[in-house]
Structure formats: structure tokens, C-alpha cells
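Note that my numbering has the sequence shown beginning at 3, numbered continuously upward.
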Amino acid sequence: MKVESEEKVYDDINITPMLDVAYVLLLIFIIMTTATVQGITVNLPKASSTPSLSKPKTKAISITPDGTIYLDTYPVSVQELETRLAQFKAAVPDLPVVVKADASVQYQKVIDVLDVVTRLQISQLGLVTQKLVK
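Here you go:
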């Protein structure tokens, strides 16, 4: 038997680290492409290069299947909803509101929320629906 010396030059390329990097990059590209917002492609106007320091003004009202009403992430009653929306509207006159209701919620709950929005004269109202898949 012949024992090889340890001074022999190692001439094989180890591609395992390169494959690890390739798999990580592939995973990042997959996540980034699925995370992009779907929609119609439009030519957007240019904004100033300074970032906006203001917080988003849009308020989200959510209604769960059991009828619980949430303003952003806080549970509220219809009276509390009206009080808090009135405070936000006093601070921001053109307050945009988005209503998200579960498909199985009672229709009366949605009407109650829309009545509050109408009483407060909030004109920027959006109703969130799920995208129709064809």
C-alpha cells in the first residue's frame, strides 16, 4: 500500500459554497416576486427625493365574522367608532377611511358602520374586496 503525502496540491474546486449562495439568491428572488403588488401598470409621477415624515392618514375599519368592529387594530363599539373617527376627522378634514368586512358578517353591521361614516361626512370611503381570480 502506498500512503499519499499531505503536501499534495488540492486541485478540485469545491462548489458547495457557490451552490449555497445560488440557492439563497433564488429564494430571495422568489420571495420578492411574490411580494410585489399586483395591478395595472401605470406611469407614476415623480416625487421629491425627500422622504415623507408624516404617518399614513388612512383609517381601516374591520368587521370580523362574529360582528366585532375594529378601528385599525383596536376593538371598538359603534359609539366609540363614531367618537374616535370624529376626533381623527377634526385633525384631518379629508380623512380617508377603508371598510373591510368578512363575507359572512351580518349586513346590518356594515350598514351601521357606513351610517357612522355618513354622519361624520367622510367622503373618502373605500370598501375592500378580494381580487377575483379568473
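C-beta atoms are modelled at their ideal positions from N, C-alpha and C, and glycine is treated no differently.
Owing to the predicted nature of the structure, the values given are computational and were not obtained by experimental measurement.
Residue j and residue i - do their beta-carbons sit closer together than 8 angstroms?
i: L73; j: I63; result: yes
i: K59; j: L87; result: no
i: A103; j: V112; result: yes
i: L122; j: K91; result: yes
i: V101; j: L127; result: yes
i: V130; j: E84; result: no
Grab the span of the beta strand (DSSP E) containing residue i for me, first residue to last.
i: Q126; result: 126-129
i: P98; result: 98-103
i: K59; result: Segment: none, K59 is in no beta strand (DSSP E) and carries neither H nor E.
Give the straight-line distance between the Cα atoms of residue i and residue j, rounded to the nearest whole angstrom.
i: K61; j: T120; result: 15 angstroms
i: I33; j: I17; result: 24 angstroms
i: Y12; j: V26; result: 27 angstroms
In this structure, how does DSSP classify residue i when only helix, strand and coil are distinguished?
i: P77; result: strand
i: D14; result: coil
i: K111; result: helix
i: I42; result: With a pLDDT of 49 at I42, under the threshold of 50, the predicted position of this residue should be treated as unreliable, and no value is reported.
i: M20; result: helix
Give me the residue from the options with the minimum Cα distance to residue i.
i: I71; options: V107, Q89, T36; result: V107
i: S125; options: V99, Q89, M20; result: V99
Mind checking which residues open and close the alpha helix (DSSP H) that includes residue i?
i: V107; result: Segment: none, V107 is in no alpha helix (DSSP H) and carries neither H nor E.
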